[in-house]
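**Q** Have a look at this one before I ask anything.
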């Protein structure tokens, strides 16, 4: 239609530049450097609900970082998972371990300034024991709650060994009865209140949460007056946030990015072990009922190589469901990498590389870091000894559905978290056939675990778990792989102390000296 | 569109909505993923599973659940979200404005830039500008919106920190809004500084969504314009001595507009429902972000609620597009 002259082009370019540059400068440059009193965290999970004791949110370990900023648990769990005084400054089982007594700390107040009383603690315990929540069967053991002076006691019937540990986190946070009864369930969701170190100032669901330090907190004022959690589900967004400097701390990113970011000027990083392990559920159906096949599957896997090559060294190989930081851990239980032994075991059952044993292994893809890649590597290691495993990728929702129905494939990759550090919460639940979370069904393990569930002598209980663990490892009833690490990148101006449970607690982050 | 036609369209929406409700309800119950299995932790017992199933009404037959659901739906009760523990309708209507604002800004950008590119390519047909426009269109179309989002973050939020990376508003700003239409409200209130900040947050997600659409609009409009430009009445306009620019904008454009309007309307509908990935990447608190969470948690009432509201919105937008179409094309005013 019309040819372009050089002059037209230059004129148009000049006009566009004149309009464009000031236009760009119109946009506010978002905070590059944070103010001294504000801590901004690029976080991966947004709280769906503010009731910390019921619904799916109550059992989400990722949300505990946020809940513990706002609500107090009955008893505090330290970074090494040991129990420590919290709102209840004394806590103990009675002599025959039939009841627990909690002493309520004086001077604790709710965010509206009203004192937190022993009666409030009793109300919360009663709610916990009757609430239709995911862990109700456990908390239904809380019975006969009594208040005497500044103490609250309750019976544990039926007995549960880890009841004290349970009072530290998932589904166990104190909420103010006077406020909850006044505003109701929906009112509480809209304006929640607790007694923790921070109060909610503004919440934009799915986007950010702004917290303000509670001046009257019994544990002393936290280092930062304002804390912002930016909810960035996508790792790339969290990486961009920390790289640009608009967040002070970011968690969970690919290891390649972690290695790159921690060396950038002004940033540092720590990768620390958490109470989350990777494992393969074995289901004693079909070929997996053959002990030679199971044992071969275990000995054929070079976990060290997987950790080095796929996890870039940021995880720890394990041979039992208990990680080194768990109670009852026994370092002497080992299932070493031995492909020759694996081939021999398979040969005993008539399988060779040319005539391999065949089964399905299920896995998620992207649910946990490098889950699919890990399973691919395992399948290749198995192939070398005479195991042909067919990978079936499914969504995590499908895994949960199949697991509750006891319909998992002969092998299924999964991760298991246990922040109580008590073996009952991992080994007990993952291997007891009446639990909705097991794949293995065995009378021998069931009998041993049933006895341990009611054993009140702690030394005997731990010895019992060591023995069960040895039996499980010896017979290859399950295939533990490695303990996950958590990557955290933060500004060098901060002092951050890792928590074994993977919590990012703003109240424990301070300024670096 | 006559009032009778409009009424007929609205009445037709009722069986459509019923069909949507049936399909969504049945589909959600046959696809893998049990919401109770998703929420129980390692230590939960079979009794916990049964109790939770009962408390959410999932122990009843699918037919029984559907009858109950339909009964609630006709009363305007969309149920309570399993994961968010709030009224579903309230949640959906609370998030929808954020997505509508994002979609509106994206579509405005798409139309503006798409029109500019199409007009430029037609005006300078056969020149290198047309080739440049075609090249831009090809690149914009070849890269999916989530990748654009990543590239834009890298370029304009990290390397050149011109725009915020995430969110809808600066987390440190203490502003109380009366409505959920933040941008609109800030403009109405005359708070232009706030409006500028909100636009800053909208910029990168809106551009990510707009880029592929700019290319589509530019291509369709350019093609329509090129068809019109060879018609006799354009020749007549040239003979009359009208300038090239006037012929293009006043004579050709109105007649080439119809397919683009239809396309833009359809894409606006897709934009409203298709912002999930972009909202997730930019941590933008819209309905797509909420839908992702609902799907991850198998929050059946919330997924159903979002789908029903989307379906209703799509029907209403379709009717609106048809009305616009009739306004532009006099032959359709019957």
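Protein chains in written order, with this note's numbering: chain A, 1 to 513; chain B, 1 to 334. The beta-carbon is built from N, C-alpha and C at its ideal position, and this holds for glycine as well.
By DSSP, does residue 153(A) sit in helix, in strand, or in coil?
**A** Stepping through the first chain from its first residue, residue 153(A) is reached at position 153. The answer is strand: DSSP assigns residue 153(A) an E or B state.
**Q** Which runs of the alpha helix (DSSP H) spanning at least 4 residues fall entirely within the stretch 181 to 260 of chain B, listed in chain order?
**A** Those alpha helix (DSSP H) runs which fall completely within the stretch 181 to 260 of chain B and span 4+ residues are 182 to 188, 192 to 228, 232 to 239.
**Q** What are the start and end residues of the beta strand (DSSP E) that includes residue 134(B)?
**A** Here residue 134(B) refers to the residue found at position 134 of the second chain. Run containing residue 134(B): none in the beta strand (DSSP E); it sits in the alpha helix (DSSP H), 128 to 142.
**Q** Throw me the rounded Cβ distance for the residue 319(A) and residue 480(A) pair, which I believe falls under 8 Å.
**A** Taking the first chain and counting its residues from 1, one reaches residue 319(A) at position 319. Taking the first chain and counting its residues from 1, one reaches residue 480(A) at position 480. Yes, they are in contact, since the Cβ atoms of residue 319(A) and residue 480(A) sit about 6 Å apart, within 8 Å.
**Q** Hey, out of 206(B), 239(B), 221(B), 214(B), whose CA is closest to residue 105(B)'s CA?
**A** As a working note, residue 105(B) is residue 105 in the second chain. Taking only the C-alpha atoms, the option nearest residue 105(B) is 206(B).
**Q** In angstroms with no decimal places, state the Cα-to-Cα distance between residue 288(A) and residue 391(A).
**A** The sequence position of residue 288(A) within the first chain is 288, counting from 1. The sequence position of residue 391(A) within the first chain is 391, counting from 1. Distance between the alpha carbons of residue 288(A) and residue 391(A) is about 16 Å.
**Q** Starting from the beta carbon of residue 401(A), find every residue of chain B whose beta carbon is closer than 7 Å, and list them in chain order.
**A** If you number the first chain from 1, residue 401(A) lands on position 401. Near residue 401(A) (Cβ distances below 7 Å), the residues of chain B are 32, 33, 34, 37.
**Q** Given this structure, state the Cα-to-Cα distance separating residue 209(B) from residue 191(A), to the nearest angstrom.
**A** In the second chain, residue 209(B) corresponds to position 209, counting from 1. In the first chain, residue 191(A) corresponds to position 191, counting from 1. Each residue's Cα considered, the two are about 34 Å apart.
**Q** Compare the C-beta of residue 353(A) with all C-beta atoms of chain B and state if any pair is closer than 7 Å.
**A** By one-based count along the first chain, residue 353(A) stands at place 353. Residue 353(A) does not count as touching chain B.
**Q** Would DSSP call residue 200(A) helix, strand or coil?
**A** Translated into positions along the first chain, residue 200(A) becomes position 200. The answer is strand: DSSP assigns residue 200(A) an E or B state.
**Q** Expressed to the nearest angstrom, what Euclidean distance is found between the alpha-carbon atoms of residue 251(B) and residue 8(B)?
**A** Counted from its first residue, the second chain places residue 251(B) at position 251. Counted from its first residue, the second chain places residue 8(B) at position 8. Approximately 35 Å between the Cα atoms of the pair.
**Q** Would you list the one or two residues that DSSP bridges to residue 88(A)?
**A** Here residue 88(A) corresponds to residue number 88 of the first chain, with the count starting at 1. 104(A).
**Q** Note down the Cα distance separating residue 68(A) from residue 193(A), rounded to an integer number of angstroms.
**A** Translated into the one-based positions of the first chain, residue 68(A) becomes position 68. Translated into the one-based positions of the first chain, residue 193(A) becomes position 193. So the two alpha carbons sit approximately 12 Å from each other.
**Q** So what does DSSP say about residue 322(B), is it helix, strand or coil?
**A** Counting from 1 along the second chain, the entry for residue 322(B) is found at position 322. Note: residue 322(B) maps to helix in three-state DSSP.
**Q** I want to see whether chain B comes within less than 7 Å of residue 286(A), judged by CB atoms only; does it?
**A** For the purposes of this step, residue 286(A) is identified with residue 286 of the first chain, where counting begins at 1. No, residue 286(A) does not count as interfacial toward chain B.
**Q** Taking only the alpha-carbon atoms, compute the straight-line gap between residue 396(A) and residue 57(A) and give it to the nearest angstrom.
**A** Position 396 of the first chain holds residue 396(A). Position 57 of the first chain holds residue 57(A). Going from the Cα of residue 396(A) to the Cα of residue 57(A) covers about 17 Å.
**Q** Give the DSSP bridge partners of residue 510(A), in chain order.
**A** Taking the first chain and counting its residues from 1, the one referred to as residue 510(A) is at position 510. Beta-bridge pairing links residue 510(A) to 495(A).
**Q** Between the alpha carbons of residue 363(A) and residue 130(B), how many angstroms are there, rounded?
**A** Reading the first chain from its first residue, position 363 is the one you call residue 363(A). Reading the second chain from its first residue, position 130 is the one you call residue 130(B). Roughly 50 Å separates the two Cα atoms.
**Q** Cβ of residue 37(A) within 6 Å of any heavy atom in the ligand PLP?
**A** With respect to the ligand PLP, the structure offers nothing, as it holds no ligand at all.
**Q** For the pair the stretch 66 to 82 of chain B and the stretch 304 to 321 of chain B, tell me if three or more CB-CB distances fall below 8 Å.
**A** Result yes; three or more Cβ-Cβ pairs closer than 8 Å.
**Q** For residue 33(A), count neighbouring C-beta atoms within 10 Å of its own C-beta (all shown protein chains included) and say buried if the count is 16 or more, exposed if not.
**A** One-based indexing of the first chain puts residue 33(A) at position 33. The pLDDT assigned to residue 33(A) is 41, lower than 50, so where the model puts this residue is not dependable; a value taken from the coordinates is nonetheless given after this. Its Cβ having fewer than 16 others within 10 Å, residue 33(A) is exposed.
**Q** Confirm, please, whether the CB-CB distance from residue 125(A) to residue 195(A) is below 7 Å.
**A** Numbered from 1 along the first chain, position 195 holds the residue referred to as residue 195(A). Numbered from 1 along the first chain, position 125 holds the residue referred to as residue 125(A). The answer is no: Cβ separation not under 7 Å.
**Q** Quick one: Cα of residue 113(B) to Cα of residue 243(A), how far?
**A** Position 113 of the second chain, counting from 1, holds the residue named residue 113(B). Position 243 of the first chain, counting from 1, holds the residue named residue 243(A). So the alpha carbons of these two residues sit roughly 31 Å apart.
**Q** Kindly indicate if chain B contains any beta-carbon less than 7 Å away from that of residue 55(A).
**A** By 1-based counting over the first chain, the position of residue 55(A) is 55. Residue 55(A) counts as touching chain B.
**Q** DSSP three-state call for residue 163(A): helix, strand or coil?
**A** Counting from one through the first chain, the residue named residue 163(A) turns up at place 163. Three-state result, residue 163(A): helix.
**Q** Since residue 156(A) contacts residue 98(A) with CB under 8 Å, what's their CB separation in whole angstroms?
**A** As a working note, residue 156(A) is residue 156 in the first chain. As a working note, residue 98(A) is residue 98 in the first chain. Correct: roughly 7 Å between the Cβ atoms.
**Q** Relative to the C-alpha of residue 336(B), which residue among 55(B), 34(B), 18(B) is closest?
**A** With chain B covering only 1 through 334, there is no way to say anything about residue 336(B).
**Q** Which whole-angstrom value describes the C-beta separation of residue 204(B) and residue 157(B), a residue pair presumed to lie in contact below a C-beta threshold of 8 Å?
**A** On the second chain, position 204 is the one that residue 204(B) refers to. On the second chain, position 157 is the one that residue 157(B) refers to. 7 Å between Cβ atoms; contact.
**Q** Take residue 165(A) as the anchor and find which of 501(A), 54(A), 337(A), 257(A) has the nearest alpha-carbon.
**A** Counting from one through the first chain, the residue named residue 165(A) turns up at place 165. Minimum Cα distance to residue 165(A) is reached at 501(A).
**Q** Just to make sure I have the definition right: I need the residues of chain B whose C-beta is within less than 9 Å of the C-beta of residue 228(A). Which are they?
**A** Within the first chain, residue 228(A) is the residue found at index 228, counting from 1. The answer, in chain order, is 171, 172.
**Q** Count the other CB atoms, across all protein chains shown, that sit within 10 Å of the CB of residue 457(A); report buried if there are 16 or more and exposed otherwise.
**A** As a position in the first chain, residue 457(A) is number 457, starting the count at 1. Label assigned to residue 457(A): exposed.
**Q** By the DSSP assignment, the alpha helix (DSSP H) with residue 315(A) in it spans what residues?
**A** As a first step, residue 315(A) must be located in the first chain, where it is residue number 315. Looking at the DSSP string, residue 315(A) is not in any alpha helix (DSSP H); the run it does join, the beta strand (DSSP E), is 315 to 317.
**Q** Given a threshold of 16 other Cβ atoms within 10 Å of its Cβ, counted over all protein chains shown, does residue 243(B) qualify as buried or as exposed?
**A** The count along the second chain starts at 1 and reaches residue 243(B) at position 243. Residue 243(B) should be labelled exposed.
**Q** Could one say the Cβ of residue 165(B) lies closer than 7 Å to chain A's Cβ atoms, at least one of them?
**A** Numbered from 1 along the second chain, position 165 holds the residue referred to as residue 165(B). Residue 165(B) counts as touching chain A.
**Q** Kindly indicate which residue of 486(A), 507(A), 423(A), 149(A) has the alpha-carbon position closest to the one of residue 71(A).
**A** On the first chain, residue 71(A) is found 71 positions in, with the first residue counted as 1. The candidate whose alpha carbon is nearest that of residue 71(A) is 507(A).
**Q** Ignore the nearest five residues each way along the sequence and tell me which others in residue 315(B)'s own chain have a CB closer than 7 Å to its CB.
**A** Locating residue 315(B) in the second chain gives position 315, where the first residue counts as 1. Hits under 7 Å: 13, 16.
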